[in-house]
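Position 142, counted from 1, in the sequence shown is what numbering that gives the first Met the number 0 calls 141; the numbers after and before it change by one each time, with no gaps. The beta carbon of each residue, even a glycine, is placed where N, CA and C say it ideally should be. Values in this document were obtained by computation on a predicted structure and should not be read as measured data.
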Amino acid sequence: MSFVTRFAPSPTGRLHKGHAFSALTAWTAAREAGGRFILRIEDIDPTRCRPEFDAAILEDLAWLGLDWETPVRRQSEHLADYAAAVETLNRRGLLYRCFRTRKEILDAIGDAPHGPAEAVRPGPHPADEEARLLAEGRPFAWRLSLDRARDTLGGAAWDGLSFVEEGKGPEGETGMVQARPGTAGDVVLARKDAGTAYHLAVTHDDALQGVSHVIRGEDLFEATHIQVLIQALMGWPTPVYRHHRLLTGPDGRRFAKRDGSVTLAQLRADGITPEALRAELGF
0 MSFVTRFAPS PTGRLHKGHA FSALTAWTAA REAGGRFILR IEDIDPTRCR PEFDAAILED
60 LAWLGLDWET PVRRQSEHLA DYAAAVETLN RRGLLYRCFR TRKEILDAIG DAPHGPAEAV
120 RPGPHPADEE ARLLAEGRPF AWRLSLDRAR DTLGGAAWDG LSFVEEGKGP EGETGMVQAR
180 PGTAGDVVLA RKDAGTAYHL AVTHDDALQG VSHVIRGEDL FEATHIQVLI QALMGWPTPV
240 YRHHRLLTGP DGRRFAKRDG SVTLAQLRAD GITPEALRAE LGF
């Protein structure tokens, strides 16, 4: 099997040290394996993704000394591909319309007698209510029904869902890991604003681009469980996963855009060389 991995940032802000660590981890693994390194721009969120951040990603990675295959796949240019996958799942009866707002679902969590796990599986609306909401033009999302997915695969196949973890999950999970898609609930696979959502777009593109190894931070370990289910339902291969540790700052908190972590652009402006940063990160 050829070794193909990727770095897939979203252009919602400038890259920081955590991004640099993740990109270098994947790029170095590809070089050591004599494989391929792909850069993919995951820009399906039209409200947060901006062209200037897209351009900045390329600039920052080139400054780090990374190279990648071209052309770069930008998810916003391929929404029809994801719509076709949604339609496939819908024709098989695996999806249902959910008109509930985030607030309504959060309120339901508080009212659920069996705790939060019940609230992330809201289930289909009654037929008459769904018809009324459609007639009113209310926006909705398509959710994957775990109950229907289990019925479609069959109990044995459901229980056999698994993936190979070459790194470590948050609880030390490694080796052959049994997938637990039920922990994710009935996830949204298509949103009203973008026509797709993260779990569907990422699994679609990993299959399309022949990604054999997904190398990413351990904060995405839990996402693997539902992504393995989607791969099984769509007949897509399951890559080998390698989740790496998260880089943290002096305060012990992991680097994050929302926390205003120091960006690579700022480090560059402060005179830090790419060689110095790579050495600091262990490369």
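Outcome for residue i when other beta-carbon atoms lying within 10 angstroms are tallied against a minimum of 16
{"i": "residue 134", "result": "exposed"}
{"i": "residue 268", "result": "exposed"}
{"i": "residue 71", "result": "exposed"}
{"i": "residue 112", "result": "Here the model assigns residue 112 a pLDDT of 45, short of 50, so the residue's position is not dependable, and the following value carries that caveat. Per the 10 Å Cβ criterion, exposed."}
{"i": "residue 230", "result": "buried"}
{"i": "residue 116", "result": "At residue 116 the pLDDT is 43, less than 50, meaning the model places this residue with poor confidence; the figure from the coordinates comes in the next sentence. Exposed, since its Cβ has fewer than 16 Cβ neighbours within 10 Å."}
{"i": "residue 5", "result": "buried"}
{"i": "residue 79", "result": "exposed"}
{"i": "residue 17", "result": "buried"}
{"i": "residue 237", "result": "buried"}
{"i": "residue 10", "result": "buried"}
{"i": "residue 114", "result": "Because the pLDDT of residue 114 is 43, which lies under 50, any placement of that residue in the model is unreliable, and the question is left without a value."}
N-terminal and C-terminal residue of the alpha helix (DSSP H) that residue i is part of
{"i": "residue 85", "result": "78-90"}
{"i": "residue 226", "result": "222-233"}
{"i": "residue 265", "result": "263-268"}
{"i": "residue 27", "result": "16-32"}
{"i": "residue 60", "result": "50-63"}
{"i": "residue 133", "result": "126-134"}
{"i": "residue 154", "result": "154-158"}
As assigned by DSSP and simplified to three states, the class of residue i
{"i": "residue 208", "result": "coil"}
{"i": "residue 94", "result": "strand"}
{"i": "residue 187", "result": "strand"}
{"i": "residue 164", "result": "strand"}
{"i": "residue 193", "result": "coil"}
{"i": "residue 43", "result": "coil"}
{"i": "residue 281", "result": "coil"}
{"i": "residue 113", "result": "Here the model assigns residue 113 a pLDDT of 45, short of 50, so the residue's position is not dependable, and the following value carries that caveat. If DSSP states are grouped into helix, strand and coil, residue 113 belongs with coil."}
{"i": "residue 202", "result": "helix"}
Euclidean distance between Cα positions of residue i and residue j
{"i": "residue 179", "j": "residue 157", "result": "9 Å"}
{"i": "residue 232", "j": "residue 34", "result": "28 Å"}
{"i": "residue 28", "j": "residue 264", "result": "25 Å"}
{"i": "residue 227", "j": "residue 183", "result": "12 Å"}
{"i": "residue 48", "j": "residue 136", "result": "27 Å"}
{"i": "residue 214", "j": "residue 23", "result": "10 Å"}
{"i": "residue 209", "j": "residue 127", "result": "43 Å"}
{"i": "residue 146", "j": "residue 154", "result": "11 Å"}
{"i": "residue 99", "j": "residue 130", "result": "14 Å"}
{"i": "residue 206", "j": "residue 101", "result": "30 Å"}
Unbroken beta strand (DSSP E) run spanning residue i, endpoints
{"i": "residue 4", "result": "3-6"}
{"i": "residue 177", "result": "174-177"}
{"i": "residue 142", "result": "140-143"}
Residue i at chain B interface by Cβ criterion, 8 Å
{"i": "residue 51", "result": "Protein chains in the displayed structure number just one, and chain B is not present."}
*Touch check for the region 219-231 and the region 153-167: three-plus C-beta pairs under 8 Å?*
Segments in contact, yes.
*Touch check for the region 238-249 and the region 75-85: three-plus C-beta pairs under 8 Å?*
Short answer: they don't touch.
_Assess contact between the region 31-51 and the region 192-202, defined as three or more Cβ pairs (one per stretch) separated by less than 8 Å. Is contact present?_
Contact between the region 31-51 and the region 192-202 is established, with three or more Cβ pairs separated by less than 8 Å.
*How do the region 85-96 and the region 48-63 stand: do at least 3 beta-carbon pairs fall below 8 Å, yes or no?*
The region 85-96 vs the region 48-63: no contact.
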